[in-house]
Amino acid sequence: MAAVARPLRTAPYARKGPAVASPLSSAAPARLVVLVSGSGTNLQALLDAIGDDPEGYGAQVVAVGADRDGIAGLERAERAGIPTFVCRVKDHATRAEWDAALASATAAHRPDLVVSAGFMKIVGKEFLAGFGGRIINTHPALLPSFPGAHGVRDALAYGVKATGCTVHFVDDGVDTGPIIAQGVVEVTEEDTPEGEAALHERIKEVERKLLVEAVGRLARDGYRIEGRKVHLDHVGE
-9 MAAVARPLRT APYARKGPAV ASPLSSAAPA RLVVLVSGSG TNLQALLDAI
41 GDDPEGYGAQ VVAVGADRDG IAGLERAERA GIPTFVCRVK DHATRAEWDA
91 ALASATAAHR PDLVVSAGFM KIVGKEFLAG FGGRIINTHP ALLPSFPGAH
141 GVRDALAYGV KATGCTVHFV DDGVDTGPII AQGVVEVTEE DTPEGEAALH
191 ERIKEVERKL LVEAVGRLAR DGYRIEGRKV HLDHVGE
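Going by the working numbering, the sequence shown opens with residue -9, and the numbers climb by one from there.
If you want it as structure tokens, here you go:
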């Protein structure tokens, strides 16, 4: 499969069909747009990892977008001097119009990768058409088990002895895209449904480290998606 030079053009990942892998091949740091809905701890983990050396990490955050005003994630971006934008669903007549507006606002910053870092909205067809195969998300469970909004709660209810987190590409399903990396967290006897928050915090600690490592490797080394398998390695090795 031929490599596609950065900036990548829109070849949306298809859950069924041929591979659409697109490695990043420029020597310049990859451009990241990070989407947030809350506190922005995953955003902060990325900013801390990048520090003053985007060339060493392989990427730089060029903008932070949100689906609501007045959140800590936007404040983190502003303190770091990073441009921000907000696209609220309620400001648009339909969900499709919101999706188009989000796609346009994101595209204005020419991202190589889009990181959904605690972004609580499901993107639609237009966003996927613009950035398919380049949108990275995290999920607090070991996919394909326990997808959806209650991954931690569902894992506890099922009685698993280990759970964790998944970094994956976004497709047109809910937590169904190709898996980039996973981290395991032990479930102890003290982890009860009533104590879900404590387990979730342990998962978040692993999630932040895993996201930072995965985004850095994608940016530095490029990647291929073949079927459902993501190859995080130097293309051509």
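Even glycine gets a Cβ: it sits at the ideal position worked out from N, Cα and C.
Exercise. Mind pulling the beta strand (DSSP E) runs of 3 or more residues that sit fully within the stretch 165 to 215?
Worked result: Those beta strand (DSSP E) runs which fall completely within the stretch 165 to 215 and span 3+ residues are 169 to 176.
For this session: Report yes if the CB atom of T156 is closer than 8 Å to the CB atom of L133, and no otherwise.
Result: Reading the sequence shown from its first residue, position 166 is the one you call residue 156. Reading the sequence shown from its first residue, position 143 is the one you call residue 133. Yes, the pair counts as a contact, with Cβ atoms nearer than the cut-off.
For this session: May I have the straight-line CA-CA distance separating F117 from A97, to the nearest angstrom?
Result: By 1-based counting over the sequence shown, the position of residue 117 is 127. By 1-based counting over the sequence shown, the position of residue 97 is 107. Looking at the two C-alpha atoms, the distance is approximately 9 Å.
Problem set entry | Residues bridged to A56 (per DSSP) | As a working note, residue 56 is residue 66 in the sequence shown. In the DSSP output, where bridge partners are listed per residue, A56 has V26, V76.
For this session: Return the residue from the list A147, T166, G63, P73 that minimises the CA-CA distance to E179.
Result: Position 189 of the sequence shown holds residue 179. Answer by Cα proximity: A147.
Exercise. Based on Cα-Cα distance, which residue from N32, E191, L22, Y47 lies nearest to G206?
Worked result: For the purposes of this step, residue 206 is identified with residue 216 of the sequence shown, where counting begins at 1. Comparing alpha carbon positions, the residue from N32, E191, L22, Y47 closest to G206 is Y47.
For this session: Quick one: using the 10 Å Cβ neighbour count with 16 as the cut-off for buried, is D81 buried or exposed?
Result: Taking the first residue of the sequence shown as 1, we reach residue 81 at position 91. When all chains shown are included, D81 counts as exposed.
Problem set entry | Straight-line Cα distance separating M110 from R85 | The count along the sequence shown starts at 1 and reaches residue 85 at position 95. The count along the sequence shown starts at 1 and reaches residue 110 at position 120. Cα to Cα, R85 sits roughly 14 Å from M110.
For this session: Note down the Cα distance separating G108 from P130, rounded to an integer number of angstroms.
Result: Numbered from 1 along the sequence shown, position 118 holds the residue referred to as residue 108. Numbered from 1 along the sequence shown, position 140 holds the residue referred to as residue 130. The alpha-carbon atoms of G108 and P130 are separated by roughly 11 Å.
Exercise. Quick one: Cα of P2 to Cα of D162, how far?
Worked result: For the purposes of this step, residue 2 is taken as residue 12 along the sequence shown, with counting starting at 1. For the purposes of this step, residue 162 is taken as residue 172 along the sequence shown, with counting starting at 1. Caution is warranted here: a pLDDT of 41 is assigned to P2, below 50, making its placement in the model unreliable, and no coordinate value can be reported.
Exercise. What number of angstroms, rounded off, separates the C-alpha of P19 from the C-alpha of I40?
Worked result: Locating residue 19 in the sequence shown gives position 29, counting from the first residue. Locating residue 40 in the sequence shown gives position 50, counting from the first residue. Their backbone Cα atoms lie some 10 Å apart in a straight line.
Exercise. Cα separation between D38 and V51?
Worked result: Here residue 38 is taken as the residue at index 48 of the sequence shown, counted from 1. Here residue 51 is taken as the residue at index 61 of the sequence shown, counted from 1. If I take the Cα positions, the gap works out to 11 Å.
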